[in-house]
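*Asks:* Have a look at this one.
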Amino acid sequence: MSLLLKSSVNLYKLHPKSIQQQAARSFLTKKKCPPKTEEESQCGRAAGASGRVNEIAVGYKLLKDKQARFQVKDNLPVWLKGGPMDRMLYVSTVGLSVVGLGCSLAFISMMALK
1 MSLLLKSSVN LYKLHPKSIQ QQAARSFLTK KKCPPKTEEE SQCGRAAGAS
51 GRVNEIAVGY KLLKDKQARF QVKDNLPVWL KGGPMDRMLY VSTVGLSVVG
101 LGCSLAFISM MALK
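Quick note on numbering: the sequence shown equals residues 1 to 114 in the numbering used here.
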């Protein structure tokens with residue numbers, strides 16, 4: 001064995017008792033955080049709420065309207081409840097799938113009958 005390998009083996013020999021002692025020591029130490037300054041405490045409050053408690057955000061209202069539109073019982077699947085763009089996307093996806101399947105079958109039959 002080389003000298004470097006021997007020294008690294010001796011360096012990293014650990015016994016279970018020493019590992020447990022190190023873990024207990026690091027777990028039981030209490031780190032003290034520095035107190036927050038006035039500027040830090042106001043920044044957290046300003047980012048969280050603008051001070052008006054009863055005001056509902058515009059984005060929240062739009063989200064609730066969209067959720068209500070999806071909850072309507074109109075016997076449409078969920079992937080078509082978005083409106084005409086969803087319908088167009090659905091029809092084009094089905095159409096392209098049929099075209100791809102047809103091309104695949106044509107290719108297989110052409111290669112089989114060659």
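For every residue, glycine included, the Cβ atom is placed at its ideal position computed from N, Cα and C.
Where does D74 sit, in a helix, a strand or coil, going by DSSP?
*Replies:* Within the sequence shown, residue 74 is the residue found at index 74, counting from 1. Coil at D74, not helix or strand.
*Asks:* Using only the alpha-carbon positions, how far apart do L105 and A112 sit?
*Replies:* Locating residue 105 in the sequence shown gives position 105, where the first residue counts as 1. Locating residue 112 in the sequence shown gives position 112, where the first residue counts as 1. Taking the straight line from one Cα to the other gives about 10 Å.
*Asks:* Along the alpha helix (DSSP H) that carries V98, what are the first and last residues, could you check?
*Replies:* Translated into positions along the sequence shown, residue 98 becomes position 98. Run containing V98: P84 to A112, per the alpha helix (DSSP H) assignment.
*Asks:* Could you tell me the distance, in whole angstroms, from the CA atom of Y90 to the CA atom of L76?
*Replies:* Within the sequence shown, numbered from 1, the residue matching residue 90 stands at position 90. Within the sequence shown, numbered from 1, the residue matching residue 76 stands at position 76. Their backbone Cα atoms lie some 13 Å apart in a straight line.
*Asks:* Which whole-angstrom value describes the C-beta separation of L80 and R87, a residue pair presumed to lie in contact below a C-beta threshold of 8 Å?
*Replies:* Working through the sequence shown from its first residue, we reach residue 80 at position 80. Working through the sequence shown from its first residue, we reach residue 87 at position 87. 6 Å between Cβ atoms; contact.
*Asks:* Helix, strand or coil for A57, going by three-state DSSP, please let me know.
*Replies:* Taking the first residue of the sequence shown as 1, we reach residue 57 at position 57. If DSSP states are grouped into helix, strand and coil, A57 belongs with coil.
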